[in-house]
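*Asks:* One structure, as structure tokens, below. Some questions next.
Protein chains: 2
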Amino acid sequence: MSRIAYVNGRYVPHREAAVHIEDRGYQFADGVYEVTAVRGGRLVDEERHLKRLDRSLGELKIAQPMSHAALKFVCREVVRRNGVRDGIVYLQVTRGVAPRDHSFPKDAAPSIVVTSRRTKGAPQKSVDEGIGVISLPDQRWARCDIKSISLLPNILGKQQAREAGAYEAWQIDRDGNVTEGTSTNAWIVTGRGELVTRRADSTILNGVTRLAILDIVARQGLTFVERPFSLAEAKEAREAFLTSTTSFVLPVVLIDGEPVGDGRPGELTRKLRAAYAGQIEQ
Amino acid sequence: MSRIAYVNGRYVPHREAAVHIEDRGYQFADGVYEVTAVRGGRLVDEERHLKRLDRSLGELKIAQPMSHAALKFVCREVVRRNGVRDGIVYLQVTRGVAPRDHSFPKDAAPSIVVTSRRTKGAPQKSVDEGIGVISLPDQRWARCDIKSISLLPNILGKQQAREAGAYEAWQIDRDGNVTEGTSTNAWIVTGRGELVTRRADSTILNGVTRLAILDIVARQGLTFVERPFSLAEAKEAREAFLTSTTSFVLPVVLIDGEPVGDGRPGELTRKLRAAYAGQIEQ
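Going line by line, the protein sequences match chains A and B.
Residues 185 to 466 (this note's numbering) are what the first sequence spells out, left to right.
Residues 185 to 466 (this note's numbering) are what the second sequence spells out, left to right.
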């Protein structure tokens with residue numbers, strides 16, 4: 185089965201899927217995206233992804249490319265045409281094609297690309313034994329709450345993590361606090377058993393998996409607080425983990441090579457992963 | 185004459201010029217660019233643009249797409265095929281096409297796009313009467329010295345300027361100092377006649393026109409200092425101006441609606457523009 189992509193109104197073979205060189209996504213990073221997990225052919229937390237997409241588009245004043253109903257149809261059709269039962273849908277919207285000029289074009293129509301592929305999720309070893317993160321200065325811009333394709337600092341950070349043999353890089357703000365990973369949100373459980381993650385202000389992306397975990401936390405009545413935590417506090421924590429659409433919940437057992445807690449996945453981390461997995465497999 | 189673009193080894197009609205949807209420039213802003221002025225068919229300050237391109241590629245660890253000799257040939261050929269005597273050449277290099285994953289792909293070849301078009305430069309009215317800028321917080325990332333296509337904050341700033349009826353937005357750092365415009369460098373002449381521009385550290389792009397003006401300043405033995413200047417100091421300045429590849433030297437006569445000096449283009453600004461214009465028309 186050859187892969188199919190949706191590009192600006194047409195379903196095309198993936199290898200031929202192209203956009204114009206003056207698409208503002210290509211010249212200015214003037215666009216936004218969403219990655220949604222597919223489980224059993226179903227789009228996980230689809231409404232939340234669409235709501236966040238609306239917010240990102242609104243913040244950048246990019247027009248909606250089509251209605252939610254139409255977007256849902258296209259996403260399902262791309263999933264179906266690619267025979268994906270477990271994997272992801274990638275959706276990208278840019279301000280469209282226009283002669284290169286920084287200010288917004290008057291009459292460009294937004295470009296839209298949707299792809300889908302099978303993925304296996306995080307390796308079982310990472311789930312069972314946990315993963316390592318490194319820390320590095322957060323070099324990103326001031327509006328990380330917008331899920332834009334302006335991801336250059338993120339890819340540089342991820343690459344640095346990979347070269348260090350780590351799964352992810354936790355980015356540290358000027359105050360020494362962890363903002364988030366390059367494509368994941370960051371969490372700790374303190375020695376007192378308090379679950380902590382940063383408030384979703386303009387310094388982090390409000391992850392859909394983050395929100396789903398917060399729902400579980402509320403339902404289970406867990407001790408929880410939204411506040412910044414420092415790198416030092418994370419290294420002293422009882423547990424640490426990260427969340428994302430593709431990783432779900434992954435235990436962080438090493439930070440800059442130093443073990444978190446006893447160096448093994450924490451109890452609460454495992455419970456939250458199990459609860460989340462149970463929820464999305466429903 | 186229909187426009188021609190160079191895309192990854194082929195000269196193609198501009199309207200058909202396309203890149204793959206998984207080009208990392210489109211999904212991650214993982215690329216760099218240069219805009220070079222063309223005057224009388226000649227590329228202005230070409231060596232400096234190539235040198236800066238090398239630096240940008242090096243900082244991002246993107247491979248050189250081709251030799252300088254080959255790049256020069258392609259740029260000339262695109263200029264020629266588009267019949268451009270006075271205008272610009274736009275050159276963009278990205279890390280290439282690869283299945284979407286944040287970390288660097290192992291075997292992607294860099295993508296290269298070259299376009300050229302006629303431009304008129306800044307309107308004569310702007311040269312004669314000067315232009316206005318607004319100020320806004322600098323929201324960009326920490327590596328503005330890299331000429332990357334990660335330009336989302338820049339376009340948002342430029343758009344804000346246009347909506348305010350201004351030509352450009354001067355971005356202000358946390359210390360209240362001007363970094364630069366969204367696509368131009370910022371300069372002032374103090375009441376004591378001292379020419380000031382910010383040092384080319386990681387907070388600004390080291391403009392090629394900026395460097396050309398510095399050469400003129402040195403040759404003419406003008407009083408000059410590289411240091412940060414505050415927005416307040418700029419508003420109190422005797423003169424202000426901006427420089428860029430497409431604007432050359434433009435007098436700034438309004439900052440946030442307040443006149444700079446007597447509200448007319450300054451003497452030194454005019455001299456520098458004339459000297460630069462004389463140099464590039466040679």
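Backbone N, C-alpha and C define an ideal beta-carbon position, used for all residues, glycine too.
Going by other Cβ atoms of all chains shown within 10 Å of its Cβ, with 16 needed for buried, is Pro249(A) buried or exposed?
*Replies:* Position 65 of the first sequence, counted from the first residue, corresponds to residue 249(A). So Pro249(A) counts as buried.
*Asks:* Roughly how many angstroms separate the alpha carbons of Val401(A) and Gln463(A), rounded to a whole number?
*Replies:* Looking up residue 401(A) in the first sequence gives position 217. Looking up residue 463(A) in the first sequence gives position 279. Roughly 13 Å separates the two Cα atoms.
*Asks:* Please tell me whether His204(A) has its Cβ less than 9 Å away from any Cβ of chain B.
*Replies:* Here residue 204(A) refers to the residue found at position 20 when the first sequence is read from its first residue. Yes, its Cβ sits closer than 9 Å to a Cβ of chain B.
*Asks:* DSSP state of Gly215(A), grouped into three classes?
*Replies:* Looking up residue 215(A) in the first sequence gives position 31. Of the three classes helix, strand and coil, the one that applies to Gly215(A) here is strand, per DSSP.
*Asks:* Which whole-angstrom value describes the C-beta separation of Phe212(A) and Ile272(B), a residue pair presumed to lie in contact below a C-beta threshold of 8 Å?
*Replies:* In the first sequence, residue 212(A) corresponds to position 28, counting from 1. In the second sequence, residue 272(B) corresponds to position 88, counting from 1. Actually they are not in contact, since the Cβ atoms of Phe212(A) and Ile272(B) sit about 16 Å apart, beyond 8 Å.
*Asks:* Measuring only between beta-carbons, confirm whether Pro249(B) sits less than 9 Å from chain A.
*Replies:* Numbered from its first residue, the second sequence carries residue 249(B) at position 65. Answer no: the Cβ-Cβ gap between Pro249(B) and chain A never drops below 9 Å.
*Asks:* Check whether the stretch 189-203 of chain B and the stretch 444-456 of chain A are in contact - that is, three or more C-beta pairs closer than 8 Å.
*Replies:* Result no; under three Cβ-Cβ pairs closer than 8 Å.
*Asks:* What does the alpha-carbon distance come out to for the pair Thr366(A) and Leu415(A)?
*Replies:* Position 182 of the first sequence holds residue 366(A). Position 231 of the first sequence holds residue 415(A). Cα to Cα, the separation comes out at about 15 Å.
*Asks:* Going by DSSP, name the residue or residues bridged to Gln343(A).
*Replies:* Taking the first residue of the first sequence as position 1, residue 343(A) is located at position 159. Answer by DSSP bridge pairing: none, since Gln343(A) is not bridged.
*Asks:* Given a limit of 7 Å on CB to CB distance, which residues of the stretch 332-346 of chain A reach chain B?
*Replies:* If the cut-off is 7 Å between Cβ atoms, the stretch 332-346 of chain A has Ser332, Ile333, Ser334, Leu335, Leu336, Pro337, Asn338, Ile339, Lys342, Gln343 and Arg346 near chain B.
*Asks:* Which chain B residues are close to Gly349(A), counting only those with a beta carbon under 9 Å from its beta carbon?
*Replies:* Locating residue 349(A) in the first sequence gives position 165, counting from the first residue. Under the 9 Å cutoff, chain B gives no residues; its nearest Cβ is about 12 Å from Gly349(A).
*Asks:* In this structure, does DSSP put Ser310(B) in helix, strand or coil?
*Replies:* By one-based count along the second sequence, residue 310(B) stands at place 126. Ser310(B): helix per DSSP, three-state reduction.
*Asks:* Tell me whether the beta-carbon of Ser240(A) lies closer than 9 Å to the beta-carbon of Ile330(A).
*Replies:* To locate residue 240(A), count along the first sequence from 1; it is residue 56. To locate residue 330(A), count along the first sequence from 1; it is residue 146. Taking 9 Å as the Cβ cut-off, Ser240(A) and Ile330(A) qualify as a contacting pair.
*Asks:* Would the beta-carbon of Leu275(B) fall within 9 Å of that of Glu231(B)?
*Replies:* Walking along the second sequence from the start, residue 275(B) turns up at place 91. Walking along the second sequence from the start, residue 231(B) turns up at place 47. Against a cut-off of 9 Å, the Cβ pair of Glu231(B) and Leu275(B) comes out as no contact.
*Asks:* Following the continuous beta strand (DSSP E) through Ser300(B), name the residue where it begins and the one where it ends.
*Replies:* As a working note, residue 300(B) is residue 116 in the second sequence. Start and end: Ser295 to Arg302.
*Asks:* So, under 8 Å CB-CB, Val191(B) and Val263(B) are touching, yes? Tell me the CB distance rounded to an integer number of Å.
*Replies:* Walking along the second sequence from the start, residue 191(B) turns up at place 7. Walking along the second sequence from the start, residue 263(B) turns up at place 79. Incorrect: roughly 16 Å between the Cβ atoms, too far for contact.
*Asks:* Buried or exposed: which applies to Arg382(A), given that a residue is buried once 16 or more other Cβ atoms fall within 10 Å of its Cβ?
*Replies:* For this step, residue 382(A) is matched to residue 198 along the first sequence. Per the 10 Å Cβ criterion, buried.
*Asks:* Could you give the distance in angstroms between the alpha-carbon of Gly469(B) and the alpha-carbon of Cys328(A)?
*Replies:* Look at the range of chain B in this structure, 185 to 466, and you will see that residue 469(B) is not part of it.
*Asks:* For Lys245(B), would you say it is in contact with chain A, using Cβ-to-Cβ distances shorter than 9 Å as the test?
*Replies:* The residue you call residue 245(B) lines up with position 61 of the second sequence. Yes, Lys245(B) lies at the interface with chain A (some Cβ there is under 9 Å from its Cβ).
*Asks:* Using DSSP bridges, identify the partner residues of Trp354(A).
*Replies:* Here residue 354(A) refers to the residue found at position 170 when the first sequence is read from its first residue. In DSSP, Trp354(A) forms a bridge with Ser319(A) and Gly365(A).
*Asks:* Is the Cβ of Phe212(B) closer than 9 Å to any Cβ of chain A?
*Replies:* Against the second sequence, residue 212(B) aligns to sequence position 28. Phe212(B) counts as touching chain A.
*Asks:* Have a look at Arg394(A) and Asn369(A) and give me their C-alpha separation to the nearest angstrom.
*Replies:* On the first sequence, position 210 is the one that residue 394(A) refers to. On the first sequence, position 185 is the one that residue 369(A) refers to. Near 7 Å, if we compare the C-alpha coordinates of Asn369(A) and Arg394(A).
*Asks:* So with CB distances below 7 Å, who are the chain B contacts of Tyr274(A)?
*Replies:* Counting from one through the first sequence, the residue named residue 274(A) turns up at place 90. Correct list: Arg284.
*Asks:* Just to confirm my understanding: we take Thr299(A), look at its own chain, exclude 5 residues before and 5 after, and list those with CB closer than 6 Å. What are they?
*Replies:* Here residue 299(A) is taken as the residue at index 115 of the first sequence, counted from 1. Here the set comprises Ala189 and Tyr274.
*Asks:* Identify, in the order they occur along the chain, each residue of the same chain with its Cβ nearer than 8 Å to the Cβ of Ala459(B), setting aside the five sequence neighbours on each side.
*Replies:* Translated into positions along the second sequence, residue 459(B) becomes position 275. Closer than 8 Å at Cβ, skipping near neighbours: Ile400 and Gln404.
*Asks:* Kindly indicate if chain B contains any beta-carbon less than 9 Å away from that of Phe257(A).
*Replies:* As a working mapping, residue 257(A) is identified with position 73 in the first sequence. No, no contact with chain B.
*Asks:* Looking only at its own chain, which residues have a Cβ that is under 7 Å from the Cβ of Arg284(B), when we skip the five neighbours before and after it?
*Replies:* Here residue 284(B) is taken as the residue at index 100 of the second sequence, counted from 1. Contacts found: Glu206 and Gln211.
*Asks:* What is the rounded straight-line gap between the Cα of Leu398(A) and the Cα of Asp270(A)?
*Replies:* For this step, residue 398(A) is matched to residue 214 along the first sequence. For this step, residue 270(A) is matched to residue 86 along the first sequence. Roughly 24 Å between the two C-alpha positions.
*Asks:* When the Cα atoms are used, what is the spatial distance from Ser386(A) to Ala326(A)?
*Replies:* Mapped onto the first sequence, residue 386(A) falls at position 202. Mapped onto the first sequence, residue 326(A) falls at position 142. Roughly 7 Å separates the two Cα atoms.
*Asks:* Within 9 Å (strictly less), CB to CB, does Val268(A) reach chain B?
*Replies:* Here residue 268(A) is taken as the residue at index 84 of the first sequence, counted from 1. It does not: the Cβ of Val268(A) has no partner Cβ on chain B nearer than 9 Å.
*Asks:* Pull up the distance between the alpha-carbon of Val409(B) and that of Asp291(B), whole angstroms please.
*Replies:* Sequence index remark: in the second sequence, residue 409(B) carries index 225 (1-based). Sequence index remark: in the second sequence, residue 291(B) carries index 107 (1-based). About 45 Å.
*Asks:* Counting contacts by CB-CB distance shorter than 9 Å, is Phe432(A) in contact with chain B?
*Replies:* Residue 432(A) sits at position 248 when you count from the first residue of the first sequence. No, no contact with chain B.
*Asks:* Starting from Thr278(A) and walking both ways along the beta strand (DSSP E), at which residues does that stretch end?
*Replies:* As a first step, residue 278(A) must be located in the first sequence, where it is residue number 94. Taken as a continuous stretch (DSSP letters only), the beta strand (DSSP E) holding Thr278(A) covers Gly271 to Thr278.
*Asks:* Counting along the chain, where does the alpha helix (DSSP H) carrying Ile400(B) start and finish?
*Replies:* Residue 400(B) sits at position 216 when you count from the first residue of the second sequence. Counting along the chain, the alpha helix (DSSP H) containing Ile400(B) begins and ends at Val392 to Gln404.
*Asks:* Beta-carbon of Phe288(B) versus every beta-carbon of chain A: anything under 9 Å?
*Replies:* As a first step, residue 288(B) must be located in the second sequence, where it is residue number 104. Closer than 9 Å to some Cβ of chain A, the Cβ of Phe288(B) qualifies, so yes.
*Asks:* If you measure between the beta carbons of Arg354(A) and Leu379(A), is that distance less than 9 Å?
*Replies:* For the purposes of this step, residue 354(A) is identified with residue 170 of the first sequence, where counting begins at 1. For the purposes of this step, residue 379(A) is identified with residue 195 of the first sequence, where counting begins at 1. A small fix is needed here, since residue 354(A) is Trp in this sequence, not Arg. Against a cut-off of 9 Å, the Cβ pair of Leu379(A) and Trp354(A) comes out as no contact.
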